[in-house]
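Each step along the sequence shown adds one to the number in our numbering, with nothing skipped, and position 220 is 221. Working notes, beginning with the structure itself.
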Amino acid sequence: MTGAEESGRYRTDIYGDAGNVFAGGHVEGDLYMIYQQARAVAAARALDAQTVELKRAVCVRVDRHGADVVGRAVSVLRDRSVVVLRGPEGTGRRITAINALTDLTPTPKELVLDPEDLERSLVAEPSHGYLLDLGEVDGELVPEVGRLVEGYVTRLRQVGSCLVILATPQAWRLLDLADERVTTTMTGPRPLAVFQSHLAYWTSAAQAREWARNDQIVNALEGGTPFDAVRLAGIVQRDSESGPREAEDRLKEILAAYHNWEDALRDWFERSHGEGKGYSRALLLATAALEEASAEDVFAAADLLAEQVTLVRDPTVRLTGHGMTDQLADIGAQLIDERIVFQRPEYASSVLDHVWHDRPHLRTDLREWLIALGASRHGDRAAVTLLRMALRHGDPGVVADAAFRWCGTSAISRVRAVGILTAAAVSDEVGFGIRRKLYQWSIASGPEDVQIAVAQVCGGPLGESFPRIALTRLRHLSRKDSVNVRDAVIEALKTLAQHRKLRGTVLGEILDWWDAYGRQRTTGQLALVTLAGVGDDGRPLLVPESFRDDGLVERLALAWRTILREPVTESTAEVAAAGWLEAVAQGRAPAETVVEVLARSCESNLDIGRLSPLVWNWAHTETPAPFPREPICRELLDRIGAQDPLTPGLSPMTVYAMLKERT
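So, in structure tokens, the structure goes:
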């Protein structure tokens, strides 16, 4: 949550676990920044090392009554391997959970449940600490989760792992756990302590202490929430980078920004009331939505909003009215480097918030206006603004509506749709609602462009951090009667398989599709052929580090047998098989696994006759290898010979002789 000021121009942050990175007014083409920010949020949700370090550094371990809530949670975890942190939003449940887990284990991990397969989502790896937020679970499923928890905790104990559950009072009642001793009630830390801890992390302990002693800061946080405290600390931190000013002026602006410039905006709207003032309001909103855009773009957006709300504007005003400088001064903005910016910190978001709350009857018009801008050449900035508003107000619907409509507008608009869907899907603020919408789109017979967008979202940061959620949606899309959707699904699988930690999961999903019927099986077959090769890191995409499940080995061998036999896939499969063997020779794939799978793919003399020359030719090419190929060739040919039902135990030397004679 650092959102710095650039070139003297203030930038607006939103807050929450997603808000720490969705900041800034300037974005690059095709929402590049949105994707980068979404990856950062996804990494935070996956509890990467940087996130854990931050949460431990800023954590206030005692609540407003002086009780050590982290220590209490750790004590329950040690005794029972599970603790439920019960309390309303904003009581520090998540940060307490992360600190309690990392006090006990170096590998905290968040669980996001797949509604179609809850048990499969409840993974239990050794020496892990798991975090489950019931706010991410459909209310109807919470009782079922409660029934599964007891057995799940038993599995966790067996492997030396533990579980923290976050629950609101209502969700806790639905959970209905038999042992209430695992529950601890959260009341939240003192806001001033939260303010000081965050500001100390972003600036210095000395600066944080000085600000925390300021009477006006203390009064501003009185009766506030930890959320308010983090927000105020962020405003102070960003202001500290804005250059020297009088201390009194600086404090005045900080507090005004903290209060969303309520007094200033109320006064301005009162002064701008009346005939002929409407366009000034449209210009104010356009500047807020497209801050740092060119003057031409901002005025065009103001014209569009005026037209949308049927604002009557005298056509002669363009000639006889005030010039641009006066019009900008009237709304508290100025032109810097050919771009329009506000003169006050945090003002753009404050303007939009004020209109959103003060004029609820205008919300539909605002949404329609931003969606229209998002499909225009102003699209990137409009998309960022729309996303910010959705996160600030917890409104997933505005993102879903915009994305649905942008998908069918143009290729660039679909990129924007995928960008905001990705960012929203991994956020705390609206993630649950967006993931549910993605699921609904995946099972419905909707527009092809929307289904392709869902596949692309699943192949990005959402799938990287929450693979089970993404694969469920890809599974439904695999059944669609559309070559373009099928190709998008396979491309998403390929992208996910580039991550080593996901390869086993992706492989299992593809083999499940292989065992299905109809279009899903066809998609699974094509996915296996496409992903059978080597990834960007030189490792085979579909060779997990090891096979503990012999049934999985047999299923993969059967799949290889099929693609090596089919005329359409034979040549691709042979190249992929040689790639697997070369990866073994270079130490990038486990020899035992590769040999086992390829050997078992031979069921008949035809299979042996097809694979044996391939292995021989690979081992005797002139391309140098860092490791000898001959031992791998001997072992695999020996295993292949053992698979021959007519000549079991065929020696590798006999095979060698046969192959040498042919060559």
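Where is the CB? At the ideal position from N, CA and C, for every residue including glycine.
Are three or more beta carbon pairs between the segment 120-139 and the segment 155-166 nearer than 8 Å?
-> yes
Among 439, 341, 227 and 287, nearest to residue 353 - alpha-carbon criterion = 287
Can you tell me whether DSSP reads residue 344 as helix, strand or coil?
-> coil
Could you give the distance in angstroms between the alpha-carbon of residue 70 and the alpha-carbon of residue 60?
-> 11 Å
By how many angstroms is the C-alpha of residue 512 removed from the C-alpha of residue 1?
-> In the structure as shown, the chain starts at 2 and stops at 664, and residue 1 therefore has no counterpart that could be examined.
Tell me which same chain residues have a C-beta within less than 7 Å of the C-beta of residue 273, skipping the five on either side of it?
-> 281 and 282
By the 10 Å Cβ neighbour count, where 16 or more other Cβ atoms means buried, how is residue 466 classified, buried or exposed?
-> buried
Could you give the uninterrupted runs of the beta strand (DSSP E) lying entirely in the segment 123-169, keeping only those of 3 residues or more?
-> 130-134 and 163-168
When DSSP builds the beta bridges, which residues end up paired with residue 636?
-> BP columns for residue 636 are empty, so no partner.
If you check the beta carbons only, do residue 400 and residue 453 fall under 9 Å apart?
-> no
Cross-strand partners of residue 295 (DSSP beta bridge) = 340
For residue 122 and residue 495, the rounded distance between their alpha carbons | 22 Å
On the DSSP bridge assignment, give the partners of residue 611 in chain order.
-> The partner list for residue 611 (beta bridge, DSSP) is empty, contrary to what the question assumes.
Cβ-Cβ distance between residue 380 and residue 413 below 9 Å | yes
Helix, strand or coil for residue 541 per DSSP?
-> strand
Cα-Cα separation, residue 90 to residue 222 | 18 Å
Does the separation of the CB atoms of residue 565 and residue 633 fall below 9 Å?
-> no
In whole angstroms, what is the alpha-carbon distance linking residue 630 and residue 561?
-> 21 Å
Supposed contact pair residue 598 and residue 554 - C-beta distance, whole angstroms, cut 8 Å | 6 Å
Within its chain, find whatever has a CB closer than 7 Å to the CB of residue 405; leave out the 5 residues flanking it on each side and keep chain order.
-> 451
Can you tell me the Cα-Cα spacing of residue 26 and residue 181, whole angstroms?
-> Here residue 26 scores only 33 on pLDDT, less than 50, and its place in the model is too uncertain to base an answer on.
Of the residues 487, 265 and 545, the one placed nearest residue 504, counting alpha carbons only | 545
Span separating the alpha-carbon of residue 383 from that of residue 324 | 25 Å
Can you list, in chain order, the residues of its chain whose CB lies under 8 Å from that of residue 142, leaving out five sequence neighbours each side?
-> 114, 116 and 119
For residue 310 and residue 47, the rounded distance between their alpha carbons | 43 Å
Can you check the segment 557-626 for any alpha helix (DSSP H) of at least 4 residues that lies completely inside it and give the ranges in chain order?
-> 571-586, 592-601 and 606-620
Determine the extent of the beta strand (DSSP E) in which residue 731 is found, giving its start and end residues.
-> Since the first residue of the chain shown is 2 and the last is 664, residue 731 is not available in this structure.
Work out the CA separation of residue 128 and residue 238 for me, nearest whole Å.
-> 37 Å
Between the Cα of residue 44 and those of 258, 110 and 290, spot the shortest distance and give me the residue it belongs to.
-> 110
Which residues in the same chain have their Cβ closer than 8 Å to the Cβ of residue 339, if we skip the five residues on either side of it in sequence?
-> 295 and 296
Express the C-alpha separation of residue 403 and residue 31 in angstroms, rounding to a whole number.
-> In this prediction, residue 31 scores a pLDDT of 38, lower than 50, which makes its location untrustworthy; the coordinate-derived value is nonetheless stated afterwards. So the two alpha carbons sit approximately 15 Å from each other.
State the DSSP-derived secondary structure class of residue 188, mapped to helix, strand or coil.
-> coil
Selected residue, minimal CA-CA separation from residue 278, among 370, 594, 332 and 162 | 332
Determine the closest residue to residue 393 out of 92, 572 and 229, with distance taken between C-alpha atoms.
-> 229
In the segment 40-128, which residue ranges form an unbroken beta strand (DSSP E) of at least 3 residues, counting only runs that do not cross its ends?
-> 83-87 and 109-112
Measure the CB-CB distance between residue 514 and residue 474 and report whether it falls below 9 Å.
-> no
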